[in-house]
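Here the sequence shown stands for residues -24 to -1, 1 to 155, where the numbers follow mature numbering (1 follows the signal peptide of the UniProt record, and there is no 0). C-beta atoms are modelled at their ideal positions from N, C-alpha and C, and glycine is treated no differently. Owing to the predicted nature of the structure, the values given are computational and were not obtained by experimental measurement. Working notes, structure below.
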Amino acid sequence: MKLFSKQALITLGFVIMAPMTANAATVHLDAKLNTSGNAVELALKAGTYTVNPFKDDTYTSWNAWGKTEGCDGAGTNCSKGWINNYSFTTPSGTTNIRTSDTDRFATADLALLNAVGATFTLLSDATVQFFIPDTKYGDNIGGMSLNVSAVPIPAAAFLFAPALLGFMGLRRKAQKSVA
């Protein structure tokens, strides 16, 4: 007697592997609009995620003063300039995780080049809020584009399912021979 048909095994394989695939989302934070009170909310499944700033047609980085002043010859250490920080809040009690290299830059591209990524883990499905960490938003320009990606489960996890099915088959065979 056959324990599983080939079609059932293939279906079971897809069911097991489907939640293990990585998913990604893009979050655009406008430096004037996406305050802590108007955060961009992203519903995520339980798991570990990385957040990485990137350049696209929407945003590169933001400027809290709307101008650049007092930069050194390398375009860094500005008294006013482009910033690459962003914040996010997870429901696990961790609030306002602020990512920044704490410097100000002469150009938006230079700020993005020095931007810091982040990693966080959700123990259950949750909504994560992303926002620009500032208190005076009216003079802000620009924003941040973030890639939020699930960290894929190691390839060894894909080997676990066939091994488990094989073990179940051996166990069933052993039980039949005892009976």
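In the structure shown, Ala82 falls within a coil segment according to DSSP collapsed to helix, strand and coil. The three-state reading of DSSP puts Ser12 in helix, counting H, G and I together. In this chain, the beta strand (DSSP E) harbouring Pro29 covers 23 to 29.
In the structure shown, Leu99 falls within a coil segment according to DSSP collapsed to helix, strand and coil. In this structure, Ser37 sits near Ala91, with a CB-CB distance shorter than 9 Å.
Check the Cα spacing between Phe30 and each of Gln105, Ala84, Ile117, Phe96: the tightest is with Ala84. Around the CB of Asp48, fewer than 16 other CB atoms lie within 10 Å, so the residue is classed as exposed. By the C-beta density criterion, Gly57 is buried, having at least 16 other C-beta atoms within 10 angstroms.
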